[in-house]
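Comments concern the structure below.
This is the structure in structure tokens:
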């Protein structure tokens, strides 16, 4: 009997050894990028979750970039992934979207934002419709025509509620403002008519995105899914009420989308609920975290605070023209987005075997464009961990003149008045590299978030009103942690006072 047992054990060990070997050495019609897939099933998820205590890259990325280079293989939550901080490769991936690469997400993302029947949808048609509709309601024309007065109103009302209070949690308060304002535009949500605050439900979702997908009570992921169900239920009730009340019109995003349901077959109840949920989610964290970081950076940089206060004080209401005349506010926003790196990166998946720089990425492998590494690349940004909004100073006219002189007339320098500007290679390429390849807080290309300008405008409006009409003192500031999603511990608590006229 013991002989049979020994044979079974030996076979089990041999099978397990073979399985582990196949896991660590997957099939590839070429040479895989360097790296390791870690342990079977969980991969290197645990290593990825080791937090860093600064704005710098998480230890996982720093260690592997130093060990393997800017492009390496790993496995997260059981999925084989190529991670890249190489600007050229990242730009190649984005250029080849729809040809060699397609949109993709980790299981935790997919379950959070999944749409039933998604595989049967024409992704191109859906994306085109959603992007066009979001731009119509939240894009440049909507901002010019109607949104800026509403943004100014909600920003002023939010800040005035802070007056007289000894301490305000900036991240929580601005997150609540952003999500309730967006919910009002999306489906006329009235927070006074609901027993549950949307801000409370969405606050736990970010941390659940990159957690280990174990749906067990007590885990971060379990709470994430629980709060997701509550948020979806709240949105679904509104959608059902709208569908049952034929002829009752609302001047909001949901009403206009519902009018297209007869033309677009993918516009089902489930689709509408998930779409609104996703739009609320991306607004909530981007606004609250960026504003909190901006106030932290300005408090630590008196020169920047003085410049944004003195240069951009205005007695008029904020319009599109006024918004575009606040360059330093936008520079502060861009620098806060760059240092914040709210999103862990951009996910794609190979549609076929892809060859790059002597390596082969197998079909159906995930690709993570590590935007945080691009944003903190010292070859692109001098002193990348330093808050320096002046690096974003607009030089559009000079840049156009430089490229014209270089490309058409082959000049090595130009004269601007009494100033001679030499045309070094680094200067020639700096702006285009930053804007087109290395700065992508809202994605890039046709896959860029359609609400990017809306978020920038809301951030700029709130920050402009706060710094020009009020002053503040820090009451308590939490420690920065990244694992890899940015968290601010206890957040930033401030006390505000009106500026003396």
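Residue numbers (the working numbering): 32 to 532. Quick reminder that beta carbons are idealized off the backbone N, C-alpha and C, glycines included.
Where residue i sits in the DSSP three-state scheme
i	result
residue 414	coil
residue 503	strand
residue 511	coil
residue 133	strand
residue 267	helix
residue 529	strand
residue 400	strand
residue 164	helix
residue 385	strand
residue 102	strand
residue 207	helix
residue 200	strand
residue 395	coil
residue 71	coil
residue 109	coil
residue 90	helix
residue 114	strand
residue 128	strand
residue 348	coil
residue 470	coil
residue 518	strand
residue 195	coil
Residue i versus the options, residue with shortest Cα-Cα distance
i	options	result
residue 214	252, 269, 339	269
residue 505	338, 359, 496, 323	323
residue 508	522, 340, 502	522
residue 81	516, 529, 303	516
residue 280	219, 169, 228, 302	219
residue 59	95, 111, 86	111
residue 470	70, 416, 402	402
residue 217	128, 358, 308	308
residue 228	246, 247, 513, 208	208
residue 97	498, 194, 404, 519	404
residue 265	357, 423, 221, 193	221
residue 93	408, 418, 473	408
residue 273	288, 261, 260	288
residue 412	365, 383, 382, 378	365
residue 286	260, 356, 164	164
residue 356	333, 115, 260, 424	424
residue 260	233, 121, 245	233
Rounded straight-line distance, which links the Cα of residue j to that of residue i
i	j	result
residue 369	residue 275	45 Å
residue 440	residue 349	At residue 440 the pLDDT is 42, less than 50, meaning the model places this residue with poor confidence; the figure from the coordinates comes in the next sentence. Cα-Cα distance, rounded: 42 Å.
residue 84	residue 525	22 Å
residue 573	residue 291	Outside the displayed span of the chain (32 to 532) sits residue 573, for which this structure offers no information.
residue 271	residue 137	30 Å
residue 178	residue 106	43 Å
residue 310	residue 284	11 Å
residue 499	residue 513	31 Å
residue 282	residue 267	18 Å
residue 251	residue 237	10 Å
residue 341	residue 358	13 Å
residue 168	residue 531	38 Å
residue 99	residue 157	38 Å
residue 70	residue 171	48 Å
residue 120	residue 474	15 Å
Contact under 7 Å by Cβ, residue i with residue j
i	j	result
residue 376	residue 400	yes
residue 210	residue 315	yes
residue 398	residue 89	no
residue 258	residue 235	yes
residue 103	residue 61	no
residue 230	residue 255	no
residue 174	residue 351	yes
residue 109	residue 79	no
residue 180	residue 390	no
residue 319	residue 205	yes
residue 313	residue 263	no
residue 519	residue 86	no
Chain-order list of residues whose beta-carbon lies under 7 Å from that of residue i (same chain, five-residue window excluded)
i	result
residue 317	373, 486
residue 166	481
residue 360	339, 343, 491, 494, 495
residue 160	295
residue 367	321, 324, 325, 328
residue 247	253
Neighbourhood of residue i by C-beta distance below 8 Å, restricted to the same chain and skipping five residues each side
i	result
residue 363	325, 328, 329, 335, 339, 420, 494
residue 182	212, 349, 488, 489, 492, 493
residue 380	132, 133, 134, 135, 395, 396, 397, 398
residue 187	496
residue 225	265
Residues near residue i in its chain [Cβ-Cβ closer than 6 Å; skip 5 each side]
i	result
residue 385	131, 392
residue 528	502
residue 117	101, 102
residue 200	522, 524
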